[in-house]
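In numbering that gives the first Met the number 0, the protein residues as written are 0 to 77.
Take a look at the structure set out below.
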Amino acid sequence: MKIAILGPGCAKCRKTEEVVKRAVEEMGVEATIFKVEDIKEIMKYRVMMTPAVAVDGKVVIAGKVPSLEEVKKVLGGA
Numbered sequence: 000m001k002i003a004i005l006g007p008g009c010a011k012c013r014k015t016e017e018v019v020k021r022a023v024e025e026m027g028v029e030a031t032i033f034k035v036e037d038i039k040e041i042m043k044y045r046v047m048m049t050p051a052v053a054v055d056g057k058v059v060i061a062g063k064v065p066s067l068e069e070v071k072k073v074l075g076g077a
């Protein structure tokens, strides 16, 4: 599973990355987590608000810092 954290590197984007890493660790999911900070690359995901999270190229959360439970729910269904 590939998880992209989309955002310019703001505090909310960093918090989102922390939450996603924690969820992956707690769930024992095998995933590659990477950040996408370039605005042109973010636009390719058709995201209008950051932070956002994409799993295997599909945006699953956008415009807010997700809760740990939200991330676990999304990853559980991925």
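C-beta: ideal position from N, C-alpha, C; glycine also.
Predicted, not measured: the structure shown is a model, and the values here were computed from it.
For T49, which of I38, K20, G56 has the nearest alpha-carbon?
The count along the sequence shown starts at 1 and reaches residue 49 at position 50. Looking from the CA of T49, the closest CA among I38, K20, G56 belongs to I38.
Three or more beta-carbon pairs under 8 Å between the segment 58-66 and the segment 23-30, yes or no?
Verdict: no, contact absent.
For T31, the residue or residues it bridges with in DSSP
The residue given as residue 31 occupies position 32 in the sequence shown. Answer is K1.
Nearest to K72 by alpha carbon, out of I32, E40, V18, K14?
Stepping through the sequence shown from its first residue, residue 72 is reached at position 73. The candidate whose alpha carbon is nearest that of K72 is V18.
Kindly indicate the opening and closing residues of the alpha helix (DSSP H) around P43.
Residue mapping note: residue 43 aligns to position 44 of the sequence shown, counting from 1. One point to set straight first is that residue 43 is Lys, not Pro, in the sequence displayed. Segment 38-43, the alpha helix (DSSP H) holding K43.
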